[in-house]
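Peer 1: Numbers given in our numbering equal positions in the sequence shown, counted from 1, plus 1398.
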Amino acid sequence: MAGLISGLARLGALGAEGRRQLQTLTLDQLHSVASYANRAAAITCSRKGANPPWSAELGELAR
């Protein structure tokens, strides 16, 4: 979930000010956010104690 929220934040699609951006996300942008969230989840699950990754470990969100 944190990866999804982080990905949406990187696109400026959170909060009241991001509502318009969220409504107009393209399929490519949605795919990038989902991929980013999936990478975060995979790293989290692979670590002892379910320790989430730092943003630097995930790389950039493709736009």
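Glycine is no exception: its CB is placed at the ideal position from the N, C-alpha and C atoms.
On a CA-only basis, which of Glu-1458, Leu-1423 and Pro-1451 is nearest Ala-1400? Give me that one, please.
Peer 2: Mapped onto the sequence shown, residue 1400 falls at position 2. The shortest Cα separation from Ala-1400 among Glu-1458, Leu-1423 and Pro-1451 belongs to Pro-1451.
Peer 1: Which first and last residues belong to the alpha helix (DSSP H) in which Asn-1436 is found?
Peer 2: Taking the first residue of the sequence shown as 1, we reach residue 1436 at position 38. Per DSSP, Asn-1436 belongs to the alpha helix (DSSP H) from 1425–1444.
Peer 1: Would Gly-1405 and Ala-1435 qualify as a contact pair, given that the criterion is a beta-carbon distance under 7 Å?
Peer 2: Along the sequence shown, one-based indexing puts residue 1405 at 7. Along the sequence shown, one-based indexing puts residue 1435 at 37. Closer than 7 Å, so yes.
Peer 1: For Ala-1448, report the span of its alpha helix (DSSP H) as first-last.
Peer 2: Here residue 1448 is taken as the residue at index 50 of the sequence shown, counted from 1. From DSSP, Ala-1448 is part of no alpha helix (DSSP H); its letter is neither H nor E.
Peer 1: Taking the beta carbon of Ala-1448 as the centre, do at least 16 other beta carbons fall within 10 Å, making it buried, or is it exposed?
Peer 2: The sequence position of residue 1448 within the sequence shown is 50, counting from 1. Ala-1448 should be labelled exposed.
Peer 1: Where does Ala-1438 land, buried or exposed, given buried means 16+ other C-beta within 10 angstroms?
Peer 2: Position 40 of the sequence shown, counted from the first residue, corresponds to residue 1438. Label assigned to Ala-1438: buried.
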